[in-house]
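First comes the structure, then the notes that go with it.
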Amino acid sequence: MTYEPWDEGVATAMLEPFTSDATLVLVALQALQARFGFVPEAAVPLVAHTCNVSRADVHGVLSFYHELRTQPPATREVRVCRAEACQAVGARDIERAFADAGHPVGSRTSALAVDAVYCLGNCALGPTVEIDGAVHGRCDTDIVREALR
1319 MTYEPWDEGV
1329 ATAMLEPFTS
1339 DATLVLVALQ
1349 ALQARFGFVP
1359 EAAVPLVAHT
1369 CNVSRADVHG
1379 VLSFYHELRT
1389 QPPATREVRV
1399 CRAEACQAVG
1409 ARDIERAFAD
1419 AGHPVGSRTS
1429 ALAVDAVYCL
1439 GNCALGPTVE
1449 IDGAVHGRCD
1459 TDIVREALR
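All you need for my numbering is the position in the sequence shown, starting with 1, plus 1318.
This is the structure in C-alpha cells:
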C-alpha cells in the first residue's frame, strides 16, 4: 500500500470535520493513518486541538488500539497467530524460525514487521500466518522463507 508523506497542512484540513467532537478522536486518528500510513507524534496536538480534548486523551486512544501505528509501516507485515488452536499445531515453531532468521515476534524494521495476534479466525487450518493482509493456513517454517523473500 502506498501512503502520502506526512504533511501537517493536509492533516489539519483533513481534521476539520472532527471539530469540537471528543467522540471522534479514534476516527480522526484512523483517518490520518489511512492517509499517511501512521500517526506521527506531530498529529497528537492537532487531533487534541481539533477534537477539543487533551493530548493525554489522544495518547490514550493512540496507545490503546494496537492497529494504530506511530511509526511508518514496514514494507512487509507478518502476523503470527498465537491462539491455542494454532499453538497446538506448531505456531511456536514458526515464531522460532522467524527469531532464528533475526526477526523475532515484536521486531520491526523498515523492511519487515513481525507481530503476534491472538486469532486470525482460521483455527481449523492452523497454524495461521498473515502476510501483508493475506491469511495463510496450515503453515510450516517454509512460510518464514516466503515472508523473508
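Positions of the beta carbon are idealized from the N, C-alpha and C atoms, including for glycine.
Cβ of residue i within 8 Å of Cβ of residue j?
| i | j | result |
| --- | --- | --- |
| residue 1441 | residue 1403 | yes |
| residue 1429 | residue 1392 | yes |
| residue 1423 | residue 1399 | no |
| residue 1451 | residue 1443 | no |
| residue 1333 | residue 1379 | no |
| residue 1356 | residue 1389 | yes |
Express the C-alpha separation of residue j and residue i in angstroms, rounding to a whole number.
| i | j | result |
| --- | --- | --- |
| residue 1353 | residue 1359 | 15 Å |
| residue 1409 | residue 1386 | 25 Å |
| residue 1439 | residue 1432 | 18 Å |
| residue 1330 | residue 1342 | 15 Å |
| residue 1371 | residue 1340 | 6 Å |
| residue 1324 | residue 1449 | 25 Å |
| residue 1413 | residue 1337 | 44 Å |
| residue 1351 | residue 1326 | 13 Å |
| residue 1348 | residue 1426 | 21 Å |
| residue 1411 | residue 1319 | 29 Å |
Judging by CA-CA distance, which residue of the options is the nearest neighbour of residue i?
| i | options | result |
| --- | --- | --- |
| residue 1416 | 1463, 1449, 1444 | 1463 |
| residue 1465 | 1394, 1414, 1401, 1425 | 1394 |
| residue 1482 | 1330, 1361, 1325, 1344 | What is shown of the chain runs 1319 to 1467, which leaves residue 1482 out entirely. |
| residue 1467 | 1396, 1445, 1411, 1414 | 1396 |
| residue 1407 | 1459, 1346, 1328 | 1459 |
Given that a residue counts as buried once 16 or more other Cβ atoms are within 10 Å of its Cβ, and exposed if not, what is residue i?
| i | result |
| --- | --- |
| residue 1421 | buried |
| residue 1335 | exposed |
| residue 1368 | buried |
| residue 1373 | exposed |
| residue 1401 | buried |
| residue 1363 | exposed |
| residue 1446 | buried |
What are the start and end residues of the beta strand (DSSP E) that includes residue i?
| i | result |
| --- | --- |
| residue 1400 | Careful: residue 1400 lies outside any beta strand (DSSP E) and carries neither H nor E. |
| residue 1433 | 1430-1435 |
| residue 1453 | 1452-1454 |
| residue 1448 | 1447-1449 |
Start and end of the alpha helix (DSSP H) containing residue i?
| i | result |
| --- | --- |
| residue 1264 | In the structure as shown, the chain starts at 1319 and stops at 1467, and residue 1264 therefore has no counterpart that could be examined. |
| residue 1464 | 1460-1466 |
Hey, does residue i have any beta-carbon neighbour from chain D nearer than 8 Å?
| i | result |
| --- | --- |
| residue 1371 | No chain D is present in this structure, which holds just one protein chain. |
With respect to 7 Å, is the separation between the Cβ of residue i and the closest non-hydrogen atom of the ligand GDP below this value?
| i | result |
| --- | --- |
| residue 1447 | Absence of the ligand GDP from the depicted structure is noted, as is the absence of any ligand whatsoever, leaving it without description. |
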